[in-house]
Amino acid sequence: MIDLLTTHYNYVVSVLLFGIGLYVVMGSDNLVKKVIGMNIFQVGIFLFFVTIGYVDGGVPPVVGHGQTTFVSPLPHVLILTAIVVGVSLTAVALALIIRIYNGYGTLDESVIKEVQVDD
């Protein structure tokens with residue numbers, strides 16, 4: 001069991017990042033902390049996909065290599081796209097949080113719900 005954890009530590013770290021991100025998103029009432037938790041969760045997903053895409057002894061799929069073990073570029077391309085989408089999503093979320101703060105004067109989700117019920 002210990003040998004399995006030491007050889008596949010990337011999977012352990014990605015599961016820890018999943019858990020930490022999910023805990024922060026679900027356990028916090030602060031909207032900025034929720035965005036940070038979402039980013040931590042995304043990093044766990046990125047690490048998981050890059051780890052899956054790794055091939056021991058593989059080379060890039062370029063013509064001229066004499067080996068038969070190639071690494072698929074698809075997971076890496078997907079992660080690059082996901083990073084761009086994640087940065088965009090974070091920027092939009094923070095812009096919305098600024099608007100919410102200007103409108104309600106707080107970033108606490110429970111206070112915002114109370115204000116909406118009162119209106």
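The opening position of the sequence shown corresponds to residue 1 in my numbering, with each subsequent residue numbered one higher. Think of the CB as a built atom: it goes at the ideal place given N, C-alpha and C, for glycine as much as any other residue. Computed from a prediction, not measured in an experiment: that's the story for all the values here.
Whole-angstrom distance between residue j and residue i, CA atom to CA atom
i: residue 68; j: residue 56; result: 12 angstroms
i: residue 109; j: residue 47; result: 30 angstroms
i: residue 9; j: residue 71; result: 21 angstroms
i: residue 28; j: residue 34; result: 7 angstroms
i: residue 22; j: residue 36; result: 10 angstroms
i: residue 85; j: residue 49; result: 16 angstroms
i: residue 88; j: residue 77; result: 17 angstroms
i: residue 81; j: residue 73; result: 12 angstroms
i: residue 12; j: residue 117; result: 43 angstroms
i: residue 92; j: residue 79; result: 20 angstroms
i: residue 96; j: residue 63; result: 48 angstroms
i: residue 94; j: residue 51; result: 30 angstroms
i: residue 17; j: residue 102; result: 32 angstroms
Of the listed residues the options, nearest to residue i (C-alpha basis)
i: residue 19; options: 54, 10 and 44; result: 44
i: residue 15; options: 77, 91 and 41; result: 41
Distance CB(residue i)-CB(residue j) smaller than 8 angstroms
i: residue 90; j: residue 39; result: yes
i: residue 98; j: residue 31; result: no
Assumed close pair residue i, residue j - CB separation to whole angstroms, cut-off 8 angstroms
i: residue 75; j: residue 53; result: 3 angstroms
Other residues of its chain near residue i: CB distance less than 7 angstroms, five sequence neighbours each side excluded
i: residue 115; result: 104
i: residue 7; result: none
Own chain, CB closer than 8 angstroms to residue i, minus 5 neighbours either side, in chain order
i: residue 124; result: In the structure as shown, the chain starts at 1 and stops at 119, and residue 124 therefore has no counterpart that could be examined.
i: residue 25; result: 34, 37, 38 and 41
i: residue 83; result: 46
i: residue 60; result: 70, 71 and 73
Proximity test, residue i beta-carbon vs the ligand COA heavy atom, cut-off 7 angstroms
i: residue 20; result: Here there are no bound small molecules, and the ligand COA is not part of this structure.
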